[in-house]
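Visitor: My structure is below; once you've seen it, I'll send some questions.
Residue numbers (our numbering): 38 to 248.
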């Protein structure tokens with residue numbers, strides 16, 4: 038059983054965090070485009086039961102990978118210091134074929150979301166700097182005690198903390214901005230084209246992983 042244990046940090050200066058990561062000897066810094074499709078049954082029973090079924094595609098200039106993930110309901114309380122839930126995932130060779138299989142089983146795409154993710158590793162913890170269409174967020178995933186220690190070491194202990202999902206944060210952002218509910222959050226075509234160019238990725242027309 039693989040447990041996902043994480044905390045999110047808001048309003049973080051990415052440049053300052055990168056500097057601290059390098060000082061601490063963290064490894065990584067690769068940036069990639071991440072695109073996700075969330076599936077549910079037509080009656081919405083997965084979401085109602087707090088399950089998440091996700092097909093993710095990650096693209097770097099020299100490679101791409103796809104991962105199918107099932108997240109079970111959180112085992113942590115909503116007001117807990119960490120979000121903890123069981124996660125089951127497996128690599129997928131062909132995202133289009135997996136999408137077809139899921140559709141054939143009766144699943145439908147309920148939401149899509151995109152992010153630019155920069156990943157570092159320090160000790161046993163993954164530090165992700167995420168740019169989503171509505172925010173910039175840092176996510177630490179690893180052992181609880183190590184997260185708390187690295188939080189202080191990296192200067193994140195003064196940042197607002199959240200254990201909510203990106204979908205929850207997105208809905209709260211939409212409420213604050215008087216926007217109607219929307220489960221999806223993706224870059225505009227212009228933003229996506231700019232990110233693909235900046236990351237050295239094929240254009241959407243040339244990529245087998247287009248929208």
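Positions of the beta carbon are idealized from the N, C-alpha and C atoms, including for glycine.
(1) Going by alpha carbons, who is nearest to residue 73 out of 236, 180, 39, 223?
(2) Rounded to the nearest angstrom, how far is the Cβ of residue 79 from that of residue 145, given a contact under 8 Å?
(3) Taking 8 Å as the threshold (C-beta atoms), are residue 123 and residue 139 in contact?
(4) Just the C-alpha distance for residue 189 and residue 96, rounded to the nearest angstrom, thanks.
(5) May I ask you to report which of helix, strand or coil DSSP gives residue 226?
(6) Looking at the structure shown, is residue 95 part of a helix, part of a strand, or coil, going by DSSP?
(7) Whether or not the region 81 to 99 and the region 113 to 120 are in contact is what I'm after, with contact meaning three or more pairs of Cβ atoms, one per stretch, closer than 8 Å; do they touch?
(8) On the CB-based measure, 16 or more other CB atoms within 10 Å of its CB, does residue 133 come out buried or exposed?
(9) For residue 162, does the count of other Cβ atoms within 10 angstroms reach 16, so buried, or fall short, so exposed?
(10) Rounded to whole angstroms, what's the CA-CA distance from residue 173 to residue 47? Just pull it up for me.
(11) Sort out for me which residues DSSP pairs residue 212 with in a bridge.
(12) Using the C-alpha atoms, what's the distance from residue 156 back to residue 176?
(13) Mapping DSSP to helix, strand and coil, what is residue 67?
(14) Does the count of Cβ pairs from the region 147 to 155 and the region 212 to 232 closer than 8 Å reach three?
(15) What's the gap between the Cα of residue 76 and the Cα of residue 104?
(16) Buried or exposed for residue 40, going by 16 or more other Cβ atoms inside 10 Å?
(17) Span of the alpha helix (DSSP H) holding residue 85?
(18) Nearest CA to the CA of residue 228: which residue from 201, 89, 208, 168?
(19) How about residue 88 and residue 70: do their beta carbons lie closer than 8 Å?
(20) Kindly list the residues whose CB is nearer than 6 Å to the CB of residue 58, restricted to its own chain and excluding five residues on each side of it in sequence; keep chain order.
(21) Closer than 7 Å by C-beta to residue 183: which residues in its own chain qualify, once you throw out the five before and the five after it? Chain order, please.
Guide: So, to answer that:
(1) 223
(2) 6 Å
(3) no
(4) 31 Å
(5) DSSP places residue 226 within a helical segment (H, G or I) once states are collapsed to three.
(6) If DSSP states are grouped into helix, strand and coil, residue 95 belongs with the strands.
(7) no
(8) exposed
(9) Per the 10 Å Cβ criterion, buried.
(10) 7 Å
(11) Its beta-bridge partners do not exist; DSSP assigns none.
(12) Roughly 10 Å separates the two Cα atoms.
(13) strand
(14) Under the 8 Å Cβ criterion, the region 147 to 155 counts as touching the region 212 to 232, having at least three qualifying pairs.
(15) 13 Å
(16) By the 10 Å Cβ count, residue 40 comes out exposed.
(17) 82 to 85
(18) 168
(19) no
(20) So the qualifying residues of the chain are 157.
(21) 160, 161, 162
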